[in-house]
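Student: Chain order of the listed sequences is E and Z.
So the first sequence is numbered by the UniProt record's numbering: it starts at 1 and just counts up by one.
So the second sequence is numbered by the UniProt record's numbering: it starts at 1 and just counts up by one.
We put the CB at the ideal spot given by N, CA and C, even for glycine.
Owing to the predicted nature of the structure, the values given are computational and were not obtained by experimental measurement.
Structure below; questions to follow.
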Amino acid sequence: MALLKCCFDPGEVAEMFDTLYQNDPGCCCGCCSAFRPRYKRLVDSIFPVYPQDGLVKSNMEKLTFYSLSSPEKTDRIGEYLYQRAARDIYRKKYGFVIIAMEAMDQLLLACHAPTLNLFVESFLKMVQKLLETTEPDLQILATQSFVKFANIEEDTPSYHRRYDFFVSKFSAMCHSGDSKEIRDKIRTAGIKGLQAVVRKTVSDDLVENIWEPVHMDKIVPSLLFNMQDSSFHKDQRIADDVQEDGTDPPMLAETCMRELVGRASFGHIRVVLRPVLRHFDLHKLWVPNEFAIHTFRIIMFSIQAQYSYTVVEILMAHLDENVKSSATIRTSIAEVLSKIIAIAAGESVGPTVLEIINSLLNHLRDSVKNGTCQADEKQYQEALINALGEFANHLPDYQKIEIMMFIMSKIPFPLVDNQTPADNMLQSILLKSLLKVGTKYQTIHLNTTFPVSFLEPLLRMSLAPDPEMRLLVQKILHTLIDRHGNLEKLSKLALNIADLDLNIEKSSRPDLIFINKHGPIIYDALYTSLQMDSNTPENIEAVYTTLALLCVELNSTETVIDLLQLLLGIQSLALSSTALSAAQKFNLHTLVIGLLVLIPDVVNIQPLSDYAKRLVEARKEEAPHCLPDMLSHYPGECEPANKIPHLLVDQMAVCDYLKASGIDSSRLSQTSPYGAGGPGVIAGSQRHSWMETSARGSIMEIQSVHEVDSAASSPGLARKMPEEDLTFESMKKVLTEPIEVRKEAEAERRKQISQAFRTATFSELVRRTQPKHDILQNRLNEIFKSLSVTDAGNVEEPKGTQIPTYEQNFPELFYY
Amino acid sequence: MDDYKFLFKVVLVGNAGVGKTCLVRRFTQGLFPPGQGATIGVDFMIKTVDVGNEKVKLQIWDTAGQERFRSITQSYYRSAHALILVYDISCQPTFDCLPDWLREIEEYASSKVLRVLVGNKIDRDDREIPIQVGEEFAERHNMYFLETSAKESDNVERLFMQIAEDLMKQARMTNVPRYDPNSYNVDSSSQESSCCSRLT
Ligand SMILES: Nc1nc2c(ncn2[C@@H]2O[C@H](COP(=O)(O)OP(=O)(O)OP(=O)(O)O)[C@@H](O)[C@H]2O)c(=O)[nH]1
Ligand SMILES: [Mg+2]
Numbered sequence: 001m002a003l004l005k006c007c008f009d010p011g012e013v014a015e016m017f018d019t020l021y022q023n024d025p026g027c028c029c030g031c032c033s034a035f036r037p038r039y040k041r042l043v044d045s046i047f048p049v050y051p052q053d054g055l056v057k058s059n060m061e062k063l064t065f066y067s068l069s070s071p072e073k074t075d076r077i078g079e080y081l082y083q084r085a086a087r088d089i090y091r092k093k094y095g096f097v098i099i100a101m102e103a104m105d106q107l108l109l110a111c112h113a114p115t116l117n118l119f120v121e122s123f124l125k126m127v128q129k130l131l132e133t134t135e136p137d138l139q140i141l142a143t144q145s146f147v148k149f150a151n152i153e154e155d156t157p158s159y160h161r162r163y164d165f166f167v168s169k170f171s172a173m174c175h176s177g178d179s180k181e182i183r184d185k186i187r188t189a190g191i192k193g194l195q196a197v198v199r200k201t202v203s204d205d206l207v208e209n210i211w212e213p214v215h216m217d218k219i220v221p222s223l224l225f226n227m228q229d230s231s232f233h234k235d236q237r238i239a240d241d242v243q244e245d246g247t248d249p250p251m252l253a254e255t256c257m258r259e260l261v262g263r264a265s266f267g268h269i270r271v272v273l274r275p276v277l278r279h280f281d282l283h284k285l286w287v288p289n290e291f292a293i294h295t296f297r298i299i300m301f302s303i304q305a306q307y308s309y310t311v312v313e314i315l316m317a318h319l320d321e322n323v324k325s326s327a328t329i330r331t332s333i334a335e336v337l338s339k340i341i342a343i344a345a346g347e348s349v350g351p352t353v354l355e356i357i358n359s360l361l362n363h364l365r366d367s368v369k370n371g372t373c374q375a376d377e378k379q380y381q382e383a384l385i386n387a388l389g390e391f392a393n394h395l396p397d398y399q400k401i402e403i404m405m406f407i408m409s410k411i412p413f414p415l416v417d418n419q420t421p422a423d424n425m426l427q428s429i430l431l432k433s434l435l436k437v438g439t440k441y442q443t444i445h446l447n448t449t450f451p452v453s454f455l456e457p458l459l460r461m462s463l464a465p466d467p468e469m470r471l472l473v474q475k476i477l478h479t480l481i482d483r484h485g486n487l488e489k490l491s492k493l494a495l496n497i498a499d500l501d502l503n504i505e506k507s508s509r510p511d512l513i514f515i516n517k518h519g520p521i522i523y524d525a526l527y528t529s530l531q532m533d534s535n536t537p538e539n540i541e542a543v544y545t546t547l548a549l550l551c552v553e554l555n556s557t558e559t560v561i562d563l564l565q566l567l568l569g570i571q572s573l574a575l576s577s578t579a580l581s582a583a584q585k586f587n588l589h590t591l592v593i594g595l596l597v598l599i600p601d602v603v604n605i606q607p608l609s610d611y612a613k614r615l616v617e618a619r620k621e622e623a624p625h626c627l628p629d630m631l632s633h634y635p636g637e638c639e640p641a642n643k644i645p646h647l648l649v650d651q652m653a654v655c656d657y658l659k660a661s662g663i664d665s666s667r668l669s670q671t672s673p674y675g676a677g678g679p680g681v682i683a684g685s686q687r688h689s690w691m692e693t694s695a696r697g698s699i700m701e702i703q704s705v706h707e708v709d710s711a712a713s714s715p716g717l718a719r720k721m722p723e724e725d726l727t728f729e730s731m732k733k734v735l736t737e738p739i740e741v742r743k744e745a746e747a748e749r750r751k752q753i754s755q756a757f758r759t760a761t762f763s764e765l766v767r768r769t770q771p772k773h774d775i776l777q778n779r780l781n782e783i784f785k786s787l788s789v790t791d792a793g794n795v796e797e798p799k800g801t802q803i804p805t806y807e808q809n810f811p812e813l814f815y816y
Numbered sequence: 001m002d003d004y005k006f007l008f009k010v011v012l013v014g015n016a017g018v019g020k021t022c023l024v025r026r027f028t029q030g031l032f033p034p035g036q037g038a039t040i041g042v043d044f045m046i047k048t049v050d051v052g053n054e055k056v057k058l059q060i061w062d063t064a065g066q067e068r069f070r071s072i073t074q075s076y077y078r079s080a081h082a083l084i085l086v087y088d089i090s091c092q093p094t095f096d097c098l099p100d101w102l103r104e105i106e107e108y109a110s111s112k113v114l115r116v117l118v119g120n121k122i123d124r125d126d127r128e129i130p131i132q133v134g135e136e137f138a139e140r141h142n143m144y145f146l147e148t149s150a151k152e153s154d155n156v157e158r159l160f161m162q163i164a165e166d167l168m169k170q171a172r173m174t175n176v177p178r179y180d181p182n183s184y185n186v187d188s189s190s191q192e193s194s195c196c197s198r199l200t
C-alpha cells in the first residue's frame, strides 16, 4: 500500500498555484529504495554526495534519456524533483536545491511539447518554492529558470495556470531593499522575471490576461521605480556593472518598459498609463520633469504609432485632474506634453487634432480664469502654448490653417464679448498661441494662408483696443506674410534698403489675385489701426513691417500704387488728426518715409527712389524727428510736420516720378480712399465689409448703421451700382466677380463722386447729406454711449475742414 | 516540507513606522530586527502553521507605509484574504489616518476580505491611544481588534494564528473547493462569509 502511494500519489497530479487546497503529497520515501521505481532512482542518482560537487552529469544524461523515451513519466519526475527540493529547502541544504533546479531546467529544455504540460506544473511549483525562500541566491536562480521556461513555446498552454504569484513576487523583488550588492541582483532578477511573465502571457489572453489592472498596477510601478534610479546608479557603478550582465536595473527596466508598451494594443494603453501617472504623482516626479519627459518619450517611441495620440489625450486628461495642483506641477506636465506632442502629431488625423487643440485651449482658458497674474500660472500658460506650437508644428500645413482658424474662433472679441480682465488675458494668450502656430506655418500662396474666414476676424482683431493685442496681430501677419525670410530684416524701419539684402522674388499670379481681392480690407485695417491714439512706436513700426513685407512679397507695380495711395493717406492722417499725439504723428511720418524709400527700391523705380533719398537727406537736416528711430517722446522744439511742407511726400511729385518710369499713376492722382484725401465711399464700404461679416453681439447693430450710412452719405449721387446692394452678400459678390469688370465700374463711380466733391462746397455737401446724417449721427451716438467708448466725443463735433462729416465717422467705428 | 492544505494571503498596511515589518519578522523569523529600515514597495514572507491538525501556509505581503509607494502597494490588496491594518498606539497621527486606510481598503480590496485592526508597540509607556478607543473604532468598522508588541512578542503569534484559524473556518464553511482545473478563481469563492467577531 505504501508502495502504491509512493508511486501513484494523487498529489502528483498537477496543482494549481494559489489554490487553497492541496492534496497530501504523503512522501514516505527514503526507506524503501529497493522498491523504488526507476524514475525515482534515476532522480536520486543525479545528486552527488556533497552538494559542492554539483550535478552528476552522466546520471543526468540517463535521466534525460529516460524521460525522453518514457514521456509519460516526465511529470512524475518533475513532481519528485520538486518534493526533494522542498525537503532540502526545509533542511536548508541549498546546494541540493540548486542541483534540483538545474536538473529541472535541463529536463524542461529537453522535453517536447505534448509531455511538457504536467511537468511544467512541477517546474513552476519548484520555481515558486525557491522564490518563497529568503535566500537571494535561490530567488535569483528561480528567476533564471522562470525566464528559461518563458522562452519555451508550449503547444497547449495550460489555461488554468496563473501567474499571479510571479507577478506579485517579481514586483516585490524589483523593490528589493537589501544591502547594496544583493539589492541590485534581486532587482535585476525581478525585472527579468516580469519581462518573462509578460512575454509568456502577452501572446495568449486565455492563459492569463496580463493587461488586467491587477497586474499592470504592479508591473508598471516596479519598472518605473527602477528606471528612476538611473541617475545615481550610473555615477556610482559604471565599471563593475557592465561586466556583470550588460545591463543594470534601470537599463533593463527601461527595455522591459519599451517592450510592454510596444505590445499594448489600443484597449491596453489606459491600463498601462494609469499606473504611470499615479507613480509620477506619488513619487512627485513631475517637478523636476526630466524623468517624466524621458519616460514619456520612451512610451511614445515604443507605442504602436497609431495609438500615440491616446497618450497625449491621457496626459491631457491628467492635466485636468491636476487643476488643483500647484502651477509648477501643471507647468511640468504641460512641458512633458509639449515634448511628446510632436511625436503624436504625425499620426493624428481629423477630429483628434481639433480635440487635442481644443483641450489645450480649454486648459488655457481655465488657467486664465483661475489666476491671471501669478508668475507660475504664466509659466504654465507658456508651457501650454508651447505644446500647442509643437503640436501644430508637426501637422501638415492645411491642418495648421484649420487650427489657426479654430483658435481664432475661440478668441473673445473686444467689446463684443464681455470684456473682463480674464477675457483680455485670454485674447492675448490665444493670440500668442496663434502666433506660435503661425510661426510654424510656411506660407506658399497667400490665398491659402488667408481664407476670408480667417483674414477677416484677424483684421478685426488688429483693431482691438489693447495696443499689445494689436501688436500681436501684426506679428501674426508678419510671420504669415513673410515667405522669403525678410521678416528679421524688415522688423526695424530702416532707410538703407540696399544693405538689408532683401530676398525678393517676382510675385505670382495667385498672389496678385489675392491682393486685388483682399488688398482693400487689409490696407484699410492697417490704416485704421494707425488712427488709434493708444499706439506705441512699436505698434506703428509693426504696421510698417507688415506693409514692407506686403510690398516685398507682392512685388508688382500694381501693388505699388495701392501702397503709395495708402502712404499718402497715412501722411494726411498724420497732418490732420486731432486725436493723435505729436509723437505718434512723427512716428507716422517716419513710417511714410520708410515706405517711400522701400517701395521704389523693391520694384525698382529709380526716379522715385532718388526723390525718397532727397527727402531723407532734407529731413536729416531739418526734421530728424521725422526719421527713424521712432520714439515715444520727442523734444519739445520738434517742429510739427505741417510747418515743413517741403519735407512731406508730395502727391504730385510721386505721380510724376511714376509716370517718368512709365507707370500709370492715374489712380494715385485721382482720389484716395483714405482719410482727408477723398470721398472714400468705396473704401468706406469696403472698410466695413469685414466688420459686417461679424455676426456677434453689438456689431450687428453697427451693421444696420452702416446700411443707413451707406445710403445716406454720398451726397445726392446715384451711388448704387445697378446690381449692387451694399450688404455683405453683395460685397462677397464684389470680391468674387472678375476683377476687371469691377475695377472699371469702380473707377467710374469714384470719378462721379470725386466730381461731386470737387464741385460742391462743403456747406452744400453738409446740407445735402444732413437730414439722413442726423439719423446716422443719433444712432451712432446711441451706440457709442452704450459702448462707453472714450473717443465718442470726436463723433459729436464735426471739424471745420473740408472733410465730409460722414467721413470722419467711419474711423470712429473702429473704436467700437 | 511542502505539505500545506491551505494557502492564505495576508497583507499588512498602515502608516510608515508603525511596525508592520517588525510584526512580520517577529512572526516568521522570531526576532525583533534592530534598526529595521523602511520597507520599499512590498516585502514578502511565508510561514506555514498548524491549525488543528492541518497545515496552513500564510503568504504575507508587507507593504510600505510611505505614501509614494501607494500605487504599488494598493495593487496587493485585491488578492488578500486578510488585511492587517496597523497603527502605533504611541502615535496619534497613525491612528488618525485609519479612516483613510479604510477608504483605500474599501476601494482596492475584496469586499469579503478579513480585516484586522492592530495597535502595535504596547510595550511603550507613552501610549496615546487608549485600548478602548482602538476597540471602538474596530467595532464600528466591523474589524477584528488586537493590540501587539513586535518587540516583546506580545500577541503577535496570536494575531496570525487567529487569522489562519478564522480563514480556515471560513474556507471550510464555504465548502473547500475541490481541485478543478477549469476554475481558477478559487480564492474568491472561498471568501463567501465574513465574520465580525473579535479576536480578543
Ligand atoms: N517599542 C517598539 N518599537 C517598535 C515595535 N515595532 C516596531 N517598532 C519600531 O518602529 C520602527 C518602525 O518599524 P517598522 O517595522 O520598520 O515599521 P513599518 O510599519 O514596517 O514601516 P514602513 O515599512 O516604512 O511602512 C522601528 O524602529 C522599530 O524598531 C514595537 O512593538 N515596539
Ligand atoms: Mg516596513
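1. R172/Z: buried (16+ other C-beta within 10 angstroms of its C-beta) or exposed?
2. Pick helix, strand or coil for G14/Z, following the three-state DSSP scheme.
3. Just the Cα atoms here: how many angstroms apart are L118/E and V156/Z?
4. What number of angstroms, rounded off, separates the C-alpha of T439/E from the C-alpha of R68/Z?
5. With 16 other CB atoms within 10 Å as the buried threshold, where does T448/E fall?
6. Just the chain E side, please: which residues come within less than 7 Å of S71/Z by C-beta, in chain order?
7. With distances taken Cα to Cα, identify the nearest neighbour of I599/E among P510/E, S265/E, L588/E and N555/E.
8. Measuring only the C-alpha atoms, how far is L426/E from K620/E?
9. The beta strand (DSSP E) spanning G119/Z covers which residue range?
10. Got a sec? Which residues, its chain only, sit under 6 Å from N15/Z by beta carbon, not counting five neighbours each side?
11. Ligand 2 and T328/E: does the residue's C-beta get closer than 7 Å to at least one heavy atom of that ligand?
12. So which residues of chain Z does residue 843/E contact, with C-beta pairs closer than 9 Å?
13. What do you reckon, is the C-beta of G119/Z under 7 Å from a heavy atom of ligand 1?
14. Between N604/E, N539/E and T557/E, which has its C-alpha nearest L588/E's C-alpha?
15. Is there a C-beta anywhere in chain E that falls below 8 Å from the one on R78/Z?
16. Going by DSSP, name the residue or residues bridged to I504/E.
17. Counting only C-beta atoms, is I60/Z closer than 8 Å to chain E at any point?
18. Is any heavy atom of ligand 2 found at a distance shorter than 7 Å from the C-beta of K436/E?
19. Applying the 10 Å Cβ sphere with the 16-neighbour rule, what's the burial state of T443/E?
20. Comparing the C-beta of S110/Z with each C-beta of chain E, is any distance below 8 Å?
21. Out of H81/Z, F44/Z, E147/Z and D100/Z, which one is the CA nearest neighbour of A109/Z?
22. Below 8 Å between beta carbons: does that hold for I403/E and I357/E?
23. When you compare the CB positions of L167/Z and F8/Z, do they come within less than 8 Å of one another, or not?
24. Could you pull out every residue in the same chain whose Cβ sits closer than 8 Å to the Cβ of C638/E, ignoring the five residues on either side in sequence?
25. Using a Cβ-Cβ cutoff of 7 Å, what residues of the segment 182-215 of chain E are near chain Z? List them in chain order.
26. Quick check on this structure: which residue in R509/E, T545/E, D511/E and I513/E has the alpha carbon closest to the alpha carbon of L526/E?
27. Quick check on N120/Z: buried or exposed, where buried means 16 or more other Cβ atoms within 10 Å of its Cβ?
28. Under three-state DSSP, which class holds I403/E?
29. When DSSP labels each residue in this structure, what does I522/E get in the three-state scheme?
30. With respect to 7 Å, is the separation between the Cβ of C22/Z and the closest non-hydrogen atom of ligand 1 below this value?
31. Between F225/E and chain Z, is the shortest Cβ-Cβ distance under 8 Å, so that the two count as touching?
32. Any C-beta of chain Z sitting closer than 8 Å to the C-beta of E132/E?
33. Taking 7 Å as the cut-off, is the CB of T73/Z close to at least one heavy atom of ligand 1?
Tutor: Taking the coordinates as given:
1. As a working mapping, residue 172/Z is identified with position 172 in the second sequence. By the neighbour-count rule (16 or more Cβ atoms within 10 Å), R172/Z is not buried but exposed.
2. Stepping through the second sequence from its first residue, residue 14/Z is reached at position 14. Correct three-state label for G14/Z: coil.
3. What you label residue 118/E is simply residue 118 of the first sequence in a count that begins at 1. What you label residue 156/Z is simply residue 156 of the second sequence in a count that begins at 1. Each residue's alpha carbon lies about 40 Å from the other.
4. Here residue 439/E refers to the residue found at position 439 of the first sequence. Here residue 68/Z refers to the residue found at position 68 of the second sequence. Distance between the alpha carbons of T439/E and R68/Z is about 42 Å.
5. Along the first sequence, read from residue 1 onward, the residue named residue 448/E stands at position 448. It is exposed - the Cβ of T448/E has fewer than 16 other Cβ atoms within 10 Å.
6. Locating residue 71/Z in the second sequence gives position 71, counting from the first residue. Within chain E, the residues near S71/Z are D217, P221, P275, R278, H279 and L282.
7. Residue mapping note: residue 599/E aligns to position 599 of the first sequence, counting from 1. Checked all of P510/E, S265/E, L588/E and N555/E; the closest Cα to I599/E is N555/E.
8. Residue 426/E sits at position 426 when you count from the first residue of the first sequence. Residue 620/E sits at position 620 when you count from the first residue of the first sequence. About 43 Å.
9. By 1-based counting over the second sequence, the position of residue 119/Z is 119. It spans L114 to N120 - the beta strand (DSSP E) in which G119/Z sits, taken as one unbroken run.
10. Against the second sequence, residue 15/Z aligns to sequence position 15. G65, T94 and C97, listed in sequence order.
11. To locate residue 328/E, count along the first sequence from 1; it is residue 328. No, since every heavy atom of ligand 2 falls outside the 7 Å radius drawn around the Cβ of T328/E.
12. Residue 843/E is absent from the structure shown; chain E starts at 1 and stops at 816.
13. Position 119 of the second sequence holds residue 119/Z. Answer for G119/Z: no, Cβ out of range of ligand 1.
14. Taking the first sequence and counting its residues from 1, the one referred to as residue 588/E is at position 588. For L588/E, the nearest C-alpha among the options comes from N539/E.
15. Numbered from its first residue, the second sequence carries residue 78/Z at position 78. Yes, contact with chain E.
16. Within the first sequence, residue 504/E is the residue found at index 504, counting from 1. Note: I504/E sits in no beta bridge, so no partner.
17. The sequence position of residue 60/Z within the second sequence is 60, counting from 1. It does not; no Cβ of chain E falls within 8 Å.
18. If you number the first sequence from 1, residue 436/E lands on position 436. Not under cutoff, so the answer is no.
19. Position 443 of the first sequence, counted from the first residue, corresponds to residue 443/E. When all chains shown are included, T443/E counts as buried.
20. In the second sequence, residue 110/Z corresponds to position 110, counting from 1. Chain E contact via Cβ: absent.
21. Taking the first residue of the second sequence as position 1, residue 109/Z is located at position 109. When only C-alpha atoms are compared, the closest one is H81/Z.
22. Counted from its first residue, the first sequence places residue 403/E at position 403. Counted from its first residue, the first sequence places residue 357/E at position 357. Yes, these two residues count as a Cβ contact at 8 Å.
23. Counted from its first residue, the second sequence places residue 167/Z at position 167. Counted from its first residue, the second sequence places residue 8/Z at position 8. Yes, the pair counts as a contact, with Cβ atoms nearer than the cut-off.
24. Taking the first sequence and counting its residues from 1, the one referred to as residue 638/E is at position 638. Contacts found: A582, F586, A623 and H625.
25. V214
26. Within the first sequence, residue 526/E is the residue found at index 526, counting from 1. Answer by Cα proximity: T545/E.
27. Taking the second sequence and counting its residues from 1, the one referred to as residue 120/Z is at position 120. The residue in question, N120/Z, is buried, as its Cβ has 16 or more Cβ neighbours within 10 Å.
28. Start at 1 with the first residue of the first sequence, and residue 403/E comes out as number 403. DSSP places I403/E in helix when its eight states are reduced to three.
29. The count along the first sequence starts at 1 and reaches residue 522/E at position 522. Here I522/E sits in helix by DSSP.
30. Locating residue 22/Z in the second sequence gives position 22, where the first residue counts as 1. Between ligand 1 and the CB of C22/Z, the shortest heavy atom gap is smaller than 7 Å.
31. Sequence index remark: in the first sequence, residue 225/E carries index 225 (1-based). It does: the Cβ of F225/E has a partner Cβ on chain Z nearer than 8 Å.
32. In the first sequence, the residue the question calls residue 132/E occupies position 132. Taking Cβ atoms only, chain Z reaches closer than 8 Å to E132/E, which makes this a yes.
33. As a first step, residue 73/Z is located in the second sequence; it is residue number 73 there, counting from the start. Checking the Cβ of T73/Z against ligand 1 gives no.
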